[in-house]
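Trainee:
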Amino acid sequence: MAQNAPTTAKKDGAKKEEKKDLPLEAGRTIDINTKEGSWLALDVHPAGGQIIFSMLGDLYLLPMAGGKAEQLTEGMALDVQPRFSPDGKSIVFLSDRDGNDNVWVMDLLTKKTRQISKSKNENFQAAEWTPDGEYLVVSQGRRNLKLHLYHKDSGGGTQLIKTPETLKTVEPAFGKDPRYIWYSRRTGGWNYNAQLPQYQLATLDRETGETDTRTSRYGSAFSPTLSPDGTMLVYGTRHNNETGLIIQNLKSGDEKWLAYPVQRDEQESIAPLGVLPAMSFTPDSKELVASYGGKIYRIPVSGGAAKEIPFEVNTKIAIGPKLEFKYPISDDKTMKVTQIRDAAMSPDGKRLAFTALDRLYITEYPNGTPKRVTTNDFTEAQPAWSPDGKELVFVTWHEKTGGAIYKVAANGKAKPVKLSQENSVFQEPVWSPKGDKIVFVKGSAQTYRESAGPGAFDSRQTINWISAKGGASTFVTKANLGANPHFVQGDDRIYLYSSSDGLISIRWDGTDKKPYVKVKGITTFGSYADMLEEEMSHNQHLNEREPQQQASTATTIIKAPKGDKALALINNEIYVVTIPFVGGETPTISVADIASSQFPSWKLTDIGGQFPSWSADGKSVYWSIGNAFFAYNMDQAFAKKRELEAAEELKKDAKPATEVKKDSTGAKEAVKIEGYKPVETRIAITVPRDIPTGNILLKGARIITMNGDEVIENGDILIQDNRIKAVGASGTLTVPQNATVMDVKGKTITPGFIDTHAHMWPRWGVHSNQVWIYAANLAYGVTTTRDPQTATTDVLTYADMVETGKMIGPRVYSTGPGVGYWSYNLKSLDHAKSVLKQYSDYYNTKTIKMYLVGNRQHRQWIIMAAKEQGLMPTTEGGLDFKLNLTEVLDGYPGHEHSYPIYPLYKDVLEFVSKSQIAYTPTLLVAYGGPWAENYYYATENLTGDKKLNYFTPKVELDEKSRRRAGWFMKEEHIFDKHAQFVNRLVKDGGLAGVGSHGQLQGLGYHWELWSIQSGGMKNLDALKVATILGAKSLGLDGDLGSIQNGKLADLVIMDQNPLENIRNTNTIKYVMRNGRLYDANTLDELAPTKKKAPDFDWHSALPLGVPGVQE
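FYI, in our numbering the residues of the sequence shown are -1 to 1109.
(1) What residue range is occupied by the uninterrupted beta strand (DSSP E) comprising ASN495?
(2) If you measure between the beta carbons of SER1098 and LYS952, is that distance less than 7 Å?
(3) Measuring alpha carbon to alpha carbon, tell me which of PRO195, LYS87, GLU126, TRP859 ends up nearest LYS109.
(4) Would DSSP call ASN1150 helix, strand or coil?
(5) Can you tell me which of ILE587, THR684, ASP633 puts its alpha carbon nearest to the alpha carbon of ASN625?
(6) Kindly confirm or deny that the region 237 to 245 and the region 163 to 177 touch, where touching means at least three C-beta pairs closer than 8 Å.
(7) Look at LYS601 and THR551 and say whether their C-beta atoms are less than 7 Å apart.
(8) Please state the DSSP three-state secondary structure of TRP506.
(9) Can you list, in chain order, the stretches of the beta strand (DSSP E) that have 3 or more residues and sit fully within the region 558 to 620?
(10) To the nearest angstrom, how far is the alpha carbon of PHE51 from that of ALA1047?
(11) How many whole angstroms separate the CB atoms of LEU794 and GLN337, which I take to be in contact at a CB cut-off of 8 Å?
(12) From the DSSP output, in three-state form, read off GLU310 for me.
(13) Given a cut-off of 7 Å on the beta-carbon distance, is the pair HIS43 and PHE82 in contact?
(14) Between the region 808 to 826 and the region 755 to 775, can you find at least three pairs of beta-carbon atoms closer than 8 Å?
(15) Sorry if obvious, but does the Cβ on PHE597 come closer than 6 Å to a heavy atom of the ligand ATP?
(16) Could you name each continuous beta strand (DSSP E) segment of 3 residues or more that falls completely within the region 205 to 274, going from the start of the chain to the end?
(17) Return the chain-ordered list of same chain residues with a C-beta closer than 7 Å to the C-beta of ARG982, the five sequence neighbours on each side being excluded.
(18) Identify, in the order they occur along the chain, each residue of the same chain with its Cβ nearer than 7 Å to the Cβ of PRO1105, setting aside the five sequence neighbours on each side.
(19) Taking the alpha carbon of TYR933 as the reference point, which residue from GLY852, PRO901, GLU1006, PHE949 has its own alpha carbon closest?
(20) Straight-line CA distance for ASP661 to VAL980?
(21) Measure how close the beta-carbons of ALA990 and ALA916 come, nearest whole angstrom, since I'm counting them as under 8 Å.
(22) Rounded to whole angstroms, what's the CA-CA distance from LEU60 to ARG183? Just pull it up for me.
(23) GLY964 to ALA936, Cα distance in whole Å?
(24) Quick check: what's the CA-CA separation for ASP1077 versus ALA1091?
(25) What does the Cβ neighbour count give for THR730, buried or exposed, with the cut at 16 atoms within 10 Å?
(26) Out of ALA257, ASP175, ASP356, which has the shortest C-alpha to C-alpha gap to GLY302?
(27) Mind listing, in chain order, the continuous alpha helix (DSSP H) runs of no fewer than 4 residues lying wholly within the region 823 to 861?
(28) Check MET1070 in the structure and name its three-state DSSP category.
(29) With three or more beta-carbon pairs closer than 8 Å as the criterion, would you say the region 136 to 150 touches the region 100 to 119?
(30) Looking at the structure shown, is MET870 part of a helix, part of a strand, or coil, going by DSSP?
(31) Determine which residues share a DSSP beta bridge with GLY500 and list them.
(32) Report the three-state DSSP secondary structure of ALA1172 (helix, strand or coil).
(33) Applying the 10 Å Cβ sphere with the 16-neighbour rule, what's the burial state of SER994?
(34) Could you round the C-beta distance between PHE966 and PRO928 to whole angstroms and report it? I think they count as a contact, below 8 Å.
(35) Measure how close the beta-carbons of THR475 and GLY441 come, nearest whole angstrom, since I'm counting them as under 8 Å.
(36) From the DSSP output, in three-state form, read off ASN736 for me.
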């Protein structure tokens, strides 16, 4: 191509196509003016006169001599990885302009584009021309990408390397010989806390199909780049803790260093843009053109100094509308309970039993007033009605006394009767059809009590039964056979759900297992589905498995009390299926496309549902979401269907009332009975909110107000009830005579700390009465938390327990289960809106987690729906910098986890800071290198930390600290490098938050804060990140984050000054949450009332006072 060929163009000359496939309209523009860039993947024109590179998702052409870059593409789509064709007339590049990553070719003269690949659910890393310019070698796949071959004109291509499944092949490259494809290979997608090597170079012989590994370097070998004359190979490798370039003579095999250090490689994340930015030889093979240090250089292969090719980019980047909602915190004396759990309808359909705030309630249905049935002050759960509707059975849990099964008269006129004798944890009780027995799941109370997380070993050991009059229980079978025991009318067998066998039944002695049906659902989107196994764990081995595109399986199946129907809960949606009577292999019914299900099936929900159950007559299905209860009457729904069918017969030309919709993802929408809506009833329980009364004066402290840079060296704070009444120089406030005065002279006060990424997962199902995780965080000064992935909705009840004063803890905000965790396959914008209604209308989470929900189209639907519903979404980093750029482009207001690439330069800094996306880097689990927590575990004395041991179960602390894999030289750690970007971001006016990721509850927050400060940040700025910037990130800065009149009284009082040493944040003497002042070492309340902390029963017995070896 001639150097003076026209180069400036819009993204493909066909904006209509862009609007159609990327639904989000831009709402803002960001000015980028820079002479440096981050991760500049480039290529040199075959004629040598130009360079093409990508920056922030747009393509640019640059004269080889340097100068002002000419923008080749623009708009909302992300365009990356450009490569010139051998004749120089076209480029191949990757773009998501059709809603998913795909390969595109642009004619440089006409600027017209052609789509080569047409995937809807795969990732693409790179595309390279074959030397003859007729074909393209593409690295594509879901996690473990494989090489594919496409013709430049048409066709679906073919996969070149298929096995092993765990093999990942990226960065295809050619030299002079078209026979061999060079590439980088590794096992699995990535490794956390990686040990080297991770990658080696390999070649694929296009004649024989054989592959050969060509390197064996400790520092890995990656990014093969071959000279046009076929004599040289350049590749990247790690030397010590930095990356360099090696040049190899292909004939002799001799190697030498070409450049060191260069851009830090991405071998410790998923490297979606290559392990190094793409580089290229000049046509005469005398120089290598590469990007590092934010610049572009020409490196002579014969040795000598590199020459900079200066460039300048001045552009406006279009991004999505700004989402900035404020969520005022109410001072109302009462509040509505957010969630009802385990709702059970009475056999006559007139009363509803359920738990709220972990206490048992009954209400007349549908218009009654809920009333408690007992006076217990410990956890009650999972009520079930007796067949005659006169009694309820339920389970309880108390940390000291363990679990029990109780029954109680439904009229509330008699005291509950304890039925169980043994000390166990009990779950899922159900009455037998005759009402004389109760079947339940039983587990170990000891292991349940000592468990530190949401589940417990042996909490589901056996299925037993007990007489309805009480007594000893009788063993039926092991609980691994199935769960959710239930009965049907006219049959004395016990029905269970088994994840492997589906719906089954057994006799009372556990024998004669009979299978009935299995149910499967949609095939969910994406390459990250099984990353959802446990977000907290960041499982070390998930990276090696290639996600399978398999149909979702039911999480429970319940047979109808009458007839041949069963309900199934799949991907948080509720279906009813017909059970066929067959012999032989258990039938499997797919509800992915109900119109073509093997047997009659129905989808009952469109916004999800939990706690599903049948009516006693089998004619209605019930479920709940938040505090709403739903009743779906099958007869009424069928009558509505018949009515619509009759109307359709009268109007043949009318649009069908029921249809199957499709979108560009190819997903089908399950058929529902249009026109029928389940009956929704809000269960309104009003309870007192915990707001103290009284006045407290904190006198004589240094006050870091977070009102700008204000520091009052000797100040007073007056608290009235739960809010700050006044703040100022000591002795200047008007103080009520009845105020409790606390002398805090010499201490330092800051606003309460805010953890914007706090995984706090207490027990699920049967809840704890006090939660050690909550207590630990509060004791360490964390007064507000936001969990951006809770996996279940148990958090809704736990948060209410804290808000009403029944538990000690910080303010508990959450996103609820991440959007994507329940594995939706979004079909339309309307579908996305329905999914988000769970969060906006029922969970009241205020924020959501867009958890790797799908392709670019899906992600744009989510943010469009969130904007309409007033939700502030945050995102999962996913070790994917390419994904991260698109989330900024789409206007997402939050980002979780560190960007895996460093250093990042002015282009990304301005892009992120001006977008106002809130960046929570979670450096304790840093991407792109060793986790920061490993540094602290290696250097801190945790076993000698009295406070940490008091607030942490021993098993939890032992598992984390006594023996752990992962020791790294100090220079290998990267958290301080990532922290440098956070420092620059905050200086540039960007938003950041401190997120401890639940790695070490309480103290871990301080480790994360110290890590953020380690990038050279001023201590005051670090404290701002911990307080006012975190509050702003969550939309709570109207009430939290600074010490100002009218704001909530959430405070941290430290013995030492954190402005002098950031580690003084861990010298906390007192902590105040919502106007209550606590001793930070015990959580005894000191003011406005004095009250001992509840008994914390999470400590296991120590082996003291027993015989043993005398030392």
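Even glycine gets a Cβ: it sits at the ideal position worked out from N, Cα and C.
Mentor: For this structure:
(1) Counting from one through the sequence shown, the residue named residue 495 turns up at place 497. Residue 495 is actually Tyr in this sequence, not Asn. Looking at the DSSP string, the run of the beta strand (DSSP E) that includes TYR495 is 489 to 496.
(2) As a first step, residue 1098 is located in the sequence shown; it is residue number 1100 there, counting from the start. As a first step, residue 952 is located in the sequence shown; it is residue number 954 there, counting from the start. Yes, Cβ-Cβ distance for SER1098 and LYS952 is below 7 Å.
(3) Walking along the sequence shown from the start, residue 109 turns up at place 111. Cα-wise, what sits closest to LYS109 is LYS87.
(4) The shown model of the chain, from -1 to 1109, leaves out residue 1150, and the question about it has no answer.
(5) Within the sequence shown, residue 625 is the residue found at index 627, counting from 1. Ranking ILE587, THR684, ASP633 by Cα distance to ASN625 puts THR684 first.
(6) no
(7) The residue you call residue 601 lines up with position 603 of the sequence shown. The residue you call residue 551 lines up with position 553 of the sequence shown. The answer is no: Cβ separation not under 7 Å.
(8) Reading the sequence shown from its first residue, position 508 is the one you call residue 506. In the structure shown, TRP506 sits in coil (DSSP, three-state: anything other than H, G, I, E or B).
(9) 563 to 568, 571 to 576, 586 to 588, 599 to 601, 608 to 612
(10) Translated into the one-based positions of the sequence shown, residue 51 becomes position 53. Translated into the one-based positions of the sequence shown, residue 1047 becomes position 1049. Straight-line Cα distance between these residues: approximately 52 Å.
(11) Translated into the one-based positions of the sequence shown, residue 794 becomes position 796. Translated into the one-based positions of the sequence shown, residue 337 becomes position 339. That belief holds up - the Cβ atoms of LEU794 and GLN337 are roughly 4 Å apart, short of 8 Å.
(12) The residue you call residue 310 lines up with position 312 of the sequence shown. Correct three-state label for GLU310: strand.
(13) In the sequence shown, counting from the first residue as 1, residue 43 sits at position 45. In the sequence shown, counting from the first residue as 1, residue 82 sits at position 84. A contact, by the Cβ cut-off of 7 Å.
(14) yes
(15) In the structure on display, the ligand ATP does not appear, and there are no ligands present to speak of.
(16) 209 to 211, 220 to 224, 230 to 237, 240 to 247, 253 to 257
(17) The residue given as residue 982 occupies position 984 in the sequence shown. Taken in chain order, the residues that qualify are LEU907.
(18) Here residue 1105 refers to the residue found at position 1107 of the sequence shown. For PRO1105, where only same-chain residues beyond five positions count, there are no Cβ hits under 7 Å.
(19) Start at 1 with the first residue of the sequence shown, and residue 933 comes out as number 935. The residue with the shortest Cα to Cα distance from TYR933 is GLU1006.
(20) For the purposes of this step, residue 661 is taken as residue 663 along the sequence shown, with counting starting at 1. For the purposes of this step, residue 980 is taken as residue 982 along the sequence shown, with counting starting at 1. For ASP661, the predicted structure reports a pLDDT of 42, less than 50, and the residue's modelled location is therefore unreliable. A value from the coordinates is still provided. Distance between the alpha carbons of ASP661 and VAL980: 40 Å.
(21) Taking the sequence shown and counting its residues from 1, the one referred to as residue 990 is at position 992. Taking the sequence shown and counting its residues from 1, the one referred to as residue 916 is at position 918. Contact flag correct, Cβ pair sits at about 7 Å.
(22) Working through the sequence shown from its first residue, we reach residue 60 at position 62. Working through the sequence shown from its first residue, we reach residue 183 at position 185. If I take the Cα positions, the gap works out to 31 Å.
(23) Here residue 964 corresponds to residue number 966 of the sequence shown, with the count starting at 1. Here residue 936 corresponds to residue number 938 of the sequence shown, with the count starting at 1. So the two alpha carbons sit approximately 9 Å from each other.
(24) To locate residue 1077, count along the sequence shown from 1; it is residue 1079. To locate residue 1091, count along the sequence shown from 1; it is residue 1093. Going from the Cα of ASP1077 to the Cα of ALA1091 covers about 9 Å.
(25) As a position in the sequence shown, residue 730 is number 732, starting the count at 1. Classification of THR730: exposed, given that the 10 Å Cβ count is below 16.
(26) Locating residue 302 in the sequence shown gives position 304, where the first residue counts as 1. Answer by Cα proximity: ALA257.
(27) 827 to 835
(28) Position 1072 of the sequence shown, counted from the first residue, corresponds to residue 1070. MET1070 falls in the strand class under three-state DSSP.
(29) yes
(30) Taking the sequence shown and counting its residues from 1, the one referred to as residue 870 is at position 872. If DSSP states are grouped into helix, strand and coil, MET870 belongs with the strands.
(31) Stepping through the sequence shown from its first residue, residue 500 is reached at position 502. In the DSSP output, where bridge partners are listed per residue, GLY500 has SER496.
(32) No answer is possible for residue 1172: it lies beyond the span of the chain, which begins at -1 and ends at 1109.
(33) Walking along the sequence shown from the start, residue 994 turns up at place 996. It is buried - the Cβ of SER994 has at least 16 other Cβ atoms within 10 Å.
(34) Here residue 966 refers to the residue found at position 968 of the sequence shown. Here residue 928 refers to the residue found at position 930 of the sequence shown. Going by Cβ atoms, the distance from PHE966 to PRO928 rounds to 4 Å, so yes, they are a contact pair.
(35) The count along the sequence shown starts at 1 and reaches residue 475 at position 477. The count along the sequence shown starts at 1 and reaches residue 441 at position 443. With 8 Å as the limit, THR475 and GLY441 do not qualify as a contact, their Cβ atoms being about 14 Å apart.
(36) Taking the first residue of the sequence shown as position 1, residue 736 is located at position 738. Note: ASN736 maps to coil in three-state DSSP.
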